[in-house]
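Below: the structure, in structure tokens.
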Amino acid sequence: MSDPSFPSNPAGGAAFQSTQDQATTPGNNLADKLEQVQADFAALQAKSAELADQYLRAKAEAENARRRAEEEISKARKFAVEAFAESLLPVADSLEAGLIIKDASADQIREGAQATLRQLLAALERNKVLPINPAAGTKFDPHQHQAISVVPSEQEANTVVSLLQKGYSIAERILRPALVTVAAPK
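Printed below as a string of structure tokens:
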């Protein structure tokens, strides 16, 4: 009836089959999970390699940008005075032309000097070099003026009495302060 080598089971071979399914199902889940973990690992490795490549490219681009900026700064420093010098060339030409004339009258020399001064002032203005020329009575500003002396005056104290020498600024930075005399306190 029943074979003594097999366990007895009223359902016959169903118990053996069920045991076999239980044995292979967990193994299949582990195999599936292992495959999934390996696939995830491979995807992460690929993403890591992609990010490492992007990082290296970005680092190289930043280094190239820094190098280009340093070169531009170097060129700007080297040639910064070029435009200014170019605007002064006509002034030098006028001075040379005036010196060539041997028997010029005093009026001709004065007229030539005035024209050359106008050229020079125009060149300075084009290059943002502006005069500091305070009028009498202007409030003394130690950032723009240098007091040479303090003199008694009918003017309000700490105001400019007279201008001894113009000052100059470039882009709101003082190249040379104006030399002035200042009214003394009463």
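Be aware that the sequence shown starts at 1402, since it is given in the numbering used here, and climbs by one per residue.
Each residue gets a CB set at the ideal place from its N, CA and C atoms; glycine is no exception.
For residue i, the residue or residues it bridges with in DSSP
i	result
Ala1548	Val1581
Arg1574	Ile1571
Thr1560	Lys1540
Pro1532	Tyr1569
Of the residues the options, the one placed nearest residue i, counting alpha carbons only
i	options	result
Val1492	Ser1506, Thr1582, Ala1514	Ala1514
Ala1579	Lys1540, Gln1556, Lys1587	Lys1540
Gly1589	Val1581, Arg1511, Leu1522	This structure cannot speak to residue 1589, because the chain is shown only from 1402 to 1587.
Lys1630	Arg1458, Glu1473, Asn1465, Val1552	Nothing about residue 1630 can be read from this structure; the chain reaches only from 1402 to 1587.
Leu1576	His1544, Glu1512, Arg1458	His1544
Neighbour-count burial assignment, residue i, 16 or more Cβ in a 10 Å radius
i	result
Val1562	buried
Ile1533	buried
Pro1535	buried
His1546	buried
CA-to-CA distance, residue j to residue i, given in whole angstroms
i	j	result
Lys1460	Ala1486	40 Å
Lys1503	Thr1517	18 Å
Ala1470	Ala1463	10 Å
Ser1570	Glu1526	10 Å
Ile1435	Leu1445	The sequence shown places Leu at residue 1435, not Ile. The straight-line gap from Cα to Cα measures roughly 15 Å.
Ala1572	Lys1529	6 Å
Ala1507	Ser1495	17 Å
Glu1451	Ser1475	36 Å
Arg1478	Ala1484	12 Å
Arg1468	Leu1521	38 Å
Ile1501	Ala1548	41 Å
Glu1473	Val1482	15 Å
Val1438	Asn1429	14 Å
Asp1433	Ala1447	21 Å
Lys1567	Arg1574	15 Å
Glu1557	Ile1510	41 Å
Ala1440	Ala1453	20 Å
Leu1364	Ala1505	Here the chain comprises residues numbered 1402 to 1587, so residue 1364 is not present and cannot be evaluated.
Arg1519	Asn1559	33 Å
Glu1512	Phe1480	34 Å
Ala1466	Phe1442	36 Å
Glu1542	Tyr1456	The residue you asked about is not Glu; residue 1542 is Asp in the sequence shown. C-alpha separation (whole angstroms): 54 Å.
Arg1458	Ser1449	14 Å
Anticipated Cβ contact below 8 Å, residue i with residue j, distance rounded
i	j	result
Ser1554	Ala1584	4 Å
Leu1489	Ala1524	5 Å
Short CB-CB distance (under 8 Å) between residue i and chain B
i	result
Asn1465	Absent from the structure: chain B. Only one protein chain is present.
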